[in-house]
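Structure record follows, encoded as structure tokens.
2 protein chains.
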Amino acid sequence: MKKDAIKQLIDVAAARGEPDLVIKSAQIVDVFSGKILEGDVAIIDGRIAGIGSYSGKKTFDAKGAFLLPGFIDGHVHIESSYTDPPSFARLLLPCGTTTVIADPHEICNVSGLDGFDYMVESSLSLPLSIFFMLPSCVPSSPFENSGAVLLADSLAKRMDLPQVLGLGEMMDMEGTIGADPAVVDKLALAKKWRKLIDGHAPGVHGHNLNAYAAAGIHTDHECTTPSELQERIERGMYVLLREGSATRDLLNLLPGVTPANAHMCLFCTDDRQPQSILEEGHIDNHLRLAVDFGLDPIIAIRMATLHAANCYGLHDRGAIAPGRRADLVLVNNLKEFAVQNVFVAGQLYKEEQSFKPTPIPSKVATKITIGDFHRDRFKLRLTSPQVRVIEIIAGAVVTNMAKKEVLLDNKGYYRHDPSQDILKLAVVERHKGTGNVALALITGYGLKHGAVATTIAHDAHNIIVAGDNDADMAAAVESLVTLGGGIVMVRDGELLDSLALPIAGLMTNKGALYVNEKLKNMHQIALEELGIPENIDPFMTLSFMALPVIPHLKVTDMGLFDVDSFSFVSLEL
Amino acid sequence: MKKDAIKQLIDVAAARGEPDLVIKSAQIVDVFSGKILEGDVAIIDGRIAGIGSYSGKKTFDAKGAFLLPGFIDGHVHIESSYTDPPSFARLLLPCGTTTVIADPHEICNVSGLDGFDYMVESSLSLPLSIFFMLPSCVPSSPFENSGAVLLADSLAKRMDLPQVLGLGEMMDMEGTIGADPAVVDKLALAKKWRKLIDGHAPGVHGHNLNAYAAAGIHTDHECTTPSELQERIERGMYVLLREGSATRDLLNLLPGVTPANAHMCLFCTDDRQPQSILEEGHIDNHLRLAVDFGLDPIIAIRMATLHAANCYGLHDRGAIAPGRRADLVLVNNLKEFAVQNVFVAGQLYKEEQSFKPTPIPSKVATKITIGDFHRDRFKLRLTSPQVRVIEIIAGAVVTNMAKKEVLLDNKGYYRHDPSQDILKLAVVERHKGTGNVALALITGYGLKHGAVATTIAHDAHNIIVAGDNDADMAAAVESLVTLGGGIVMVRDGELLDSLALPIAGLMTNKGALYVNEKLKNMHQIALEELGIPENIDPFMTLSFMALPVIPHLKVTDMGLFDVDSFSFVSLEL
Numbered sequence: 000m001k002k003d004a005i006k007q008l009i010d011v012a013a014a015r016g017e018p019d020l021v022i023k024s025a026q027i028v029d030v031f032s033g034k035i036l037e038g039d040v041a042i043i044d045g046r047i048a049g050i051g052s053y054s055g056k057k058t059f060d061a062k063g064a065f066l067l068p069g070f071i072d073g074h075v076h077i078e079s080s081y082t083d084p085p086s087f088a089r090l091l092l093p094c095g096t097t098t099v100i101a102d103p104h105e106i107c108n109v110s111g112l113d114g115f116d117y118m119v120e121s122s123l124s125l126p127l128s129i130f131f132m133l134p135s136c137v138p139s140s141p142f143e144n145s146g147a148v149l150l151a152d153s154l155a156k157r158m159d160l161p162q163v164l165g166l167g168e169m170m171d172m173e174g175t176i177g178a179d180p181a182v183v184d185k186l187a188l189a190k191k192w193r194k195l196i197d198g199h200a201p202g203v204h205g206h207n208l209n210a211y212a213a214a215g216i217h218t219d220h221e222c223t224t225p226s227e228l229q230e231r232i233e234r235g236m237y238v239l240l241r242e243g244s245a246t247r248d249l250l251n252l253l254p255g256v257t258p259a260n261a262h263m264c265l266f267c268t269d270d271r272q273p274q275s276i277l278e279e280g281h282i283d284n285h286l287r288l289a290v291d292f293g294l295d296p297i298i299a300i301r302m303a304t305l306h307a308a309n310c311y312g313l314h315d316r317g318a319i320a321p322g323r324r325a326d327l328v329l330v331n332n333l334k335e336f337a338v339q340n341v342f343v344a345g346q347l348y349k350e351e352q353s354f355k356p357t358p359i360p361s362k363v364a365t366k367i368t369i370g371d372f373h374r375d376r377f378k379l380r381l382t383s384p385q386v387r388v389i390e391i392i393a394g395a396v397v398t399n400m401a402k403k404e405v406l407l408d409n410k411g412y413y414r415h416d417p418s419q420d421i422l423k424l425a426v427v428e429r430h431k432g433t434g435n436v437a438l439a440l441i442t443g444y445g446l447k448h449g450a451v452a453t454t455i456a457h458d459a460h461n462i463i464v465a466g467d468n469d470a471d472m473a474a475a476v477e478s479l480v481t482l483g484g485g486i487v488m489v490r491d492g493e494l495l496d497s498l499a500l501p502i503a504g505l506m507t508n509k510g511a512l513y514v515n516e517k518l519k520n521m522h523q524i525a526l527e528e529l530g531i532p533e534n535i536d537p538f539m540t541l542s543f544m545a546l547p548v549i550p551h552l553k554v555t556d557m558g559l560f561d562v563d564s565f566s567f568v569s570l571e572l
Numbered sequence: 000m001k002k003d004a005i006k007q008l009i010d011v012a013a014a015r016g017e018p019d020l021v022i023k024s025a026q027i028v029d030v031f032s033g034k035i036l037e038g039d040v041a042i043i044d045g046r047i048a049g050i051g052s053y054s055g056k057k058t059f060d061a062k063g064a065f066l067l068p069g070f071i072d073g074h075v076h077i078e079s080s081y082t083d084p085p086s087f088a089r090l091l092l093p094c095g096t097t098t099v100i101a102d103p104h105e106i107c108n109v110s111g112l113d114g115f116d117y118m119v120e121s122s123l124s125l126p127l128s129i130f131f132m133l134p135s136c137v138p139s140s141p142f143e144n145s146g147a148v149l150l151a152d153s154l155a156k157r158m159d160l161p162q163v164l165g166l167g168e169m170m171d172m173e174g175t176i177g178a179d180p181a182v183v184d185k186l187a188l189a190k191k192w193r194k195l196i197d198g199h200a201p202g203v204h205g206h207n208l209n210a211y212a213a214a215g216i217h218t219d220h221e222c223t224t225p226s227e228l229q230e231r232i233e234r235g236m237y238v239l240l241r242e243g244s245a246t247r248d249l250l251n252l253l254p255g256v257t258p259a260n261a262h263m264c265l266f267c268t269d270d271r272q273p274q275s276i277l278e279e280g281h282i283d284n285h286l287r288l289a290v291d292f293g294l295d296p297i298i299a300i301r302m303a304t305l306h307a308a309n310c311y312g313l314h315d316r317g318a319i320a321p322g323r324r325a326d327l328v329l330v331n332n333l334k335e336f337a338v339q340n341v342f343v344a345g346q347l348y349k350e351e352q353s354f355k356p357t358p359i360p361s362k363v364a365t366k367i368t369i370g371d372f373h374r375d376r377f378k379l380r381l382t383s384p385q386v387r388v389i390e391i392i393a394g395a396v397v398t399n400m401a402k403k404e405v406l407l408d409n410k411g412y413y414r415h416d417p418s419q420d421i422l423k424l425a426v427v428e429r430h431k432g433t434g435n436v437a438l439a440l441i442t443g444y445g446l447k448h449g450a451v452a453t454t455i456a457h458d459a460h461n462i463i464v465a466g467d468n469d470a471d472m473a474a475a476v477e478s479l480v481t482l483g484g485g486i487v488m489v490r491d492g493e494l495l496d497s498l499a500l501p502i503a504g505l506m507t508n509k510g511a512l513y514v515n516e517k518l519k520n521m522h523q524i525a526l527e528e529l530g531i532p533e534n535i536d537p538f539m540t541l542s543f544m545a546l547p548v549i550p551h552l553k554v555t556d557m558g559l560f561d562v563d564s565f566s567f568v569s570l571e572l
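Here it is as structure tokens:
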């Protein structure tokens, strides 16, 4: 902060200088004392100068609404919104979210540091504050081919950036708990820079949790039970209560939050799609759910603001107090949290009327490089009809391993049985042209006839495709190549609909409203034309089937993967 | 943290490696969850590896005692213990205090950066962790002569030190609220280094408090009422609840502490003498008082540990959790907090049997340079018998301005009246030989006959002397010069007793027990021979009479000073 700015801020606070803006008649939620304060809020040069009696160049009459600090999403993958950072900002700000901590590990799996740089560069002048964690696990495991490998020496090239708060979610739990040298290199890098390390520790307990925490990992957003939440807090870890689109843990975790441990709790979305955000909201939705559950509104607000700021060392925000950024939200009351107005660094946020797509730099334009691909690659020969099948759990990203008996033809090839909800699932490597095509079987997806394919397949983002027949599956992959990445639906060789994702095969620059309309339409087609039931997200569900760090059975481009034993397994039992 | 150390810590946490020490059968106070946990605490290389089931090279049986994180004193002037840092560490560790944040502004007023360097250097290898704030107000005001002036350019030379957490208590409230350029220079320096700024804001409210907080000042340890405490927390400032020797604010402030705002509260001693520490304790004493008052023990312990760590960004300590420093305290229960054992970085603390004084570097050896001094300098000519008199308030460092009528001789010189408790008080400049001698009158000190003088006179540490006659006052000053700094008592020309303070006239290297015995004896002499009543500390009281930043009436080497109007005033009304 420049000396002139310090002097100006002090002058305005002392009521000698004139504020840019004074917000009057608000009920000010003070997250420090837990009280509702009365008074004018004086703002100068983007910061709060003081609370008291002030008059300024402009006045905003809050008419008795509640003034809250801008909300903070502690952990988000922007890529999961299918939109680029400028569109993401437009999507979140009306919900009162003014700061996010983003882990761009999706695009980094595709484009490496080029992808990281793109996210940082395209975030620079946005009204949404976007901080970054450097993806720690690219690829998420050694059991897949991704578009890039980020080891400590690569990460070191970006750790000095001021908007980089540390190392992103350490999904390599085995490597961390095992003190694997490559993991230790990354931990040491973050510590050297005195930066933070985010966690990802589903199902980790006891000695293993001690080891994970001792490694310096200071958050976890993968808790699903109150006891997991509490065990992490007891080990000094912050817990991020997640309410995404596919993963909704908030209500399951809230019974574990107490007035004594809430200081270690904050909110995150992790992966949240435009539809959820547009229809339900963002962190404002967490607030509604939490207060409706019975959490004290002040504690809920602290989790949405101050605790997140404390967790990530963002001491310039997260509260309404002198010197802090004037990121502010006016809501109607502390139950509905209907967002009326949002101020970003003291400026009333107004969405621009016209939408202009931001250009896509060539370094992140979608590339699809598949080798040796043809329809016969989907032929599945089995030595036994008793097989492991990936069982989808509606509304979750974890899967079960189901044991099923399937039909085989006389040459031992798998044959689709329309009476059983079992489909073929394939991952086609798309970054290096290895020609890898891995096959699996899936149940619970519900597709009746046709194929769905996408270039979004966490975290390596190869092509994933599911279908009841090889011809449609192959047509879907070919359509995806033609489209230049995205999502496609095919039936009887016909492309039913598609969403193009020209940024790394993950995002579009056409905005969240476009994405939402398009996906709504495509969901309708998936339901009506492909028969995928309403309780299954036809695209996101597929996108998580290749993620080998989430239990229990997944498939990567290298084969069927048992997350529990952290090794490949055969389809045959 | 080196990679080998990270790996070793993880290995031990995961129960693959062997801990150096395992503490068993303790009731572990978890400041994160607010719960009492059971389990073994595994320690390796000075850090906590995990809580659970462990066996190690050594075992310590806690026998059911409560295991707490080491206590943190958020703000202390080590010089006020009269002992050097090595002796201070010996004094504090048995009380369970393992970390202090020290503001060495006393020695810096005498010796400038040489004094600062001495404090840092003599703290380097101690078992007590000593962090430093760079004194922001040397001298405390422009209304006195000190041994050094530290402007921003001087402070900049030490701001990079890892043990420097920021800028010390900003006592120049007027300069801060007024955005004085020299103050703004210092604020900007701390902000540039992303370091903290401690506050000192007695009586600051409203717009002024907004301005003070907007300046980036993030603590205050000068609150005396619950409403002051609450107002500061509402402005985002941490409040340090002080229990010193002369200033005891804790019980006055505790009614303002609530479960909702306690996260912004921590403890400090500020100025605490060996006697108080040896007889009552240190931060353990805060804990006893707070719990006895009715504060929840867990909240009290958090204030003594985690909240202080959070306030000062010391995230490597303040809690019992994997990866944190194994600074630990075993107490008998959560009411008496009788300290049974202290572990410093995993080592059981045992006081060394033999005491070896640490050598005194010549750069801080006491120097006394007084110019043009003789007994007649104490003659006080008044133009009116109606005078302003400094009124001592027993147990406080603030004074009142009393209006009194005194006796004058026929030439207009003040004459001592044995029937009135009014004495002459003088400040003799001792750093630069200016020859400044300023006179004042004092009531409430109670001395009957003789003089007391000391080189401890906050904050400029000139010589301050009080007496009923000029001859004894002059003899006291001369004794002090001969002694090489410290405290002397004189009656009828005879040196009754003295404490030598060969480090900057403020500290000795002879240890706290020596100081305590010596001072006890001197207090007895003050009571019996000089008639100073028991409720008045004969030396500390005097030491605060020259501090022009504490209300209301004080005297510096430049004259009688009205703190309220922040200007010199005449003795005559």
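Those protein sequence lines, which keep their order, are chains A and B.
With numbering that gives the first Met the number 0, letter number 120 in the first sequence gets 119, and the count goes up by one each step, no holes.
With numbering that gives the first Met the number 0, letter number 472 in the second sequence gets 471, and the count goes up by one each step, no holes.
Don't be surprised by glycine CBs; every beta carbon is placed ideally from N, CA and C.
Going by DSSP, what residue range makes up the beta strand (DSSP E) through residue i?
i	result
residue 486 (chain B)	485-490
residue 340 (chain B)	338-343
residue 23 (chain B)	20-23
residue 560 (chain A)	558-561
residue 436 (chain A)	436-442
residue 44 (chain B)	That residue, residue 44 (chain B), is in no beta strand (DSSP E); it is neither H nor E in DSSP.
residue 527 (chain B)	No beta strand (DSSP E) holds residue 527 (chain B); the alpha helix (DSSP H) holding it covers 511-527.
On the DSSP bridge assignment, give the partners of residue i in chain order.
i	result
residue 571 (chain B)	B:386
residue 626 (chain A)	Because chain A spans 0 through 572 in this model, residue 626 (chain A) falls outside it and cannot be assessed.
residue 593 (chain A)	There is simply no residue 593 (chain A) to check, as chain A begins at 0 and stops at 572 in what is shown.
residue 363 (chain B)	Its beta-bridge partners do not exist; DSSP assigns none.
residue 267 (chain A)	A:241
Rounding to the nearest angstrom, what Cα-Cα distance links residue i and residue j in this structure?
i	j	result
residue 27 (chain B)	residue 66 (chain B)	5 Å
residue 534 (chain A)	residue 392 (chain A)	10 Å
residue 103 (chain B)	residue 338 (chain B)	28 Å
residue 259 (chain A)	residue 345 (chain A)	33 Å
Could you give the residue range of the alpha helix (DSSP H) that holds residue i?
i	result
residue 86 (chain B)	84-91
residue 229 (chain B)	225-233
How about the region 229-244 of chain A and the region 268-281 of chain A: do they share at least three Cβ pairs that are nearer than 8 Å? In short, these stretches touch, since the Cβ pair count reaches three.
Residues of the region 184-200 of chain B with a CB closer than 9 Å to any CB of chain A: list them in chain order, please. 184, 186, 187, 190 and 191
Within 7 Å of chain B by C-beta, residues of the region 214-240 of chain A in sequence order: 214, 215, 229, 232, 233, 234 and 235
Can you list, in chain order, the residues of the region 14-33 of chain B whose Cβ is nearer than 7 Å to any Cβ on chain A? 14, 29, 31, 32 and 33
Do the region 1-20 of chain A and the region 306-319 of chain A touch if we need at least three Cβ pairs shorter than 8 Å? no
Hey, is the region 329-343 of chain A in contact with the region 286-294 of chain A, meaning 3+ C-beta pairs nearer than 8 Å? yes
Give me the subset of the region 252-286 of chain A whose CB atoms are less than 7 Å from a CB atom of chain B, sorted by chain position. Against chain B - using a Cβ distance shorter than 7 Å - the residues of the region 252-286 of chain A are 258, 259, 260, 262 and 263.
Counting pairs of Cβ atoms below 8 Å between the region 416-429 of chain B and the region 553-568 of chain B, do you hit three or more? yes
Taking contact to mean at least 3 C-beta pairs separated by less than 8 Å, is the region 363-373 of chain A in contact with the region 479-489 of chain A? Yes: at least three Cβ pairs fall under 8 Å.
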